[in-house]
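Undergrad: Pasting a structure here, questions to come.
2 protein chains.
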Amino acid sequence: MTTTLVPVFAALGDETRWSILTALGEGDASASALAGRLPVTRQAIAKHLAVLAEVGLVEPVRVGREVRYRVIGSQLSDTARRLDAIGAEWDRRLAAIKQIAEGL
Amino acid sequence: MTTTLVPVFAALGDETRWSILTALGEGDASASALAGRLPVTRQAIAKHLAVLAEVGLVEPVRVGREVRYRVIGSQLSDTARRLDAIGAEWDRRLAAIKQIAEGL
DNA sequence: GTGATATGCAATCAAAAGGTTGCGCAACGG
DNA sequence: CCGTTGCGCAACCTTTTGATTGCATATCAC
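So the sequence lines, in the order shown, correspond to chains A and B.
Numbering-wise (full-length UniProt numbering), the first sequence opens with residue 1 and increments by one.
Numbering-wise (full-length UniProt numbering), the second sequence opens with residue 1 and increments by one.
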């Protein structure tokens, strides 16, 4: 599932969502459970979780009447890898341009 | 210069800014020059460049009366490295939790 | 100096984002 | 059966964001 990268960054560009991800790092939790620990309402958290799920950073797991969310660590690593690849490509190209600029 | 990471992601979470970064990848350029290639006005680009400069992804270079912008490739690589570190940490912790959950 | 070109600043606007409250419904526990 | 807990919608509100137009200012070329 090759997520489009940019939305992933958009999802990661919000402090509250990082708080949620961090909280989920200590174990799966539902929106209600998270609302107990974070200074925002359950609904706000639910929306954030929807955004995170949309880009594959978390995954919902139904447990009876509640819906726990789990962090998908691999998606984070994957994004990092892709970003790194782009950074490397950039360095390469920029180096090439520098060479040209120096009249070599 | 340890930029706060989250704003960097926020900056990277916009298609237009990626267009700008991509365009800059082919060589330094001014807001006006970029406006010629992208479907947005110079001012819009100027704002995006300000955002990108704010998080250290690009750097302004004054050349006479114009201001060229250069991509800082290292900032991209650096961000990738930090994200990867977080991803790794996550994997580690999630694995540990899984072990506990399995009663091992 | 004059005209063309580049940047900067401000006002304005529409849409998106983050957040809240309120309500209805499903499901669990006694 | 009934109260409680958890979700999901929907409406609504406010702030931010992406983008525009307009104008002032600086600078380069001639």
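Beta carbons: idealized from backbone N, C-alpha and C, even for Gly.
Since we're looking at a predicted model, the values are computed, not measured.
For R37 (chain A), which option in A:K47, A:V58, A:L52 and A:I20 has the closest C-alpha, if you only look at C-alpha atoms?
TA: Nearest option by C-alpha distance: A:I20.
Undergrad: Where do the ends of the alpha helix (DSSP H) carrying R42 (chain B) lie?
TA: Per DSSP, R42 (chain B) belongs to the alpha helix (DSSP H) from R42 to E54.
Undergrad: I'd like to know if the stretch 68 to 76 of chain A and the stretch 44 to 53 of chain B are in contact, where contact means that at least 3 CB-CB pairs between them fall below 8 Å.
TA: No contact exists between the stretch 68 to 76 of chain A and the stretch 44 to 53 of chain B.
Undergrad: Does the stretch 54 to 64 of chain B come close enough to the stretch 21 to 33 of chain B that 3 or more CB-CB pairs lie under 8 Å?
TA: With the cut-off at 8 Å, the stretch 21 to 33 of chain B and the stretch 54 to 64 of chain B touch.
Undergrad: Select from A:W18, A:A85 and A:Q75 the residue whose C-alpha is nearest the C-alpha of S77 (chain B).
TA: Of the candidates A:W18, A:A85 and A:Q75, the one whose C-alpha sits nearest the C-alpha of S77 (chain B) is A:A85.
Undergrad: Quick one: complete alpha helix (DSSP H) runs, 4+ long, within the stretch 56 to 101 of chain B?
TA: DSSP runs (the alpha helix (DSSP H)) wholly in the stretch 56 to 101 of chain B: 73 to 101.
Undergrad: Using beta carbons (cut-off 8 Å, strictly below), is T79 (chain A) in contact with chain B?
TA: Chain B contact via Cβ: present.
Undergrad: Need the endpoints of the alpha helix (DSSP H) that T16 (chain A) sits in, please.
TA: That run of the alpha helix (DSSP H) goes E15 to L24.
Undergrad: Any beta carbon of chain B sitting closer than 8 Å to that of I20 (chain A)?
TA: No, its Cβ sits nowhere closer than 8 Å to a Cβ of chain B.
Undergrad: On the criterion of 16 or more Cβ atoms from any shown chain inside 10 Å, does A30 (chain A) qualify as buried, or is it exposed?
TA: Correcting the residue identity first, residue 30 (chain A) is Ser in this sequence and not Ala. Classification of S30 (chain A): buried, given that the 10 Å Cβ count is 16 or more.
Undergrad: Go to G36 (chain B), then tell me how far its alpha helix (DSSP H) extends in each direction, as first and last residue.
TA: Run containing G36 (chain B): A31 to R37, per the alpha helix (DSSP H) assignment.
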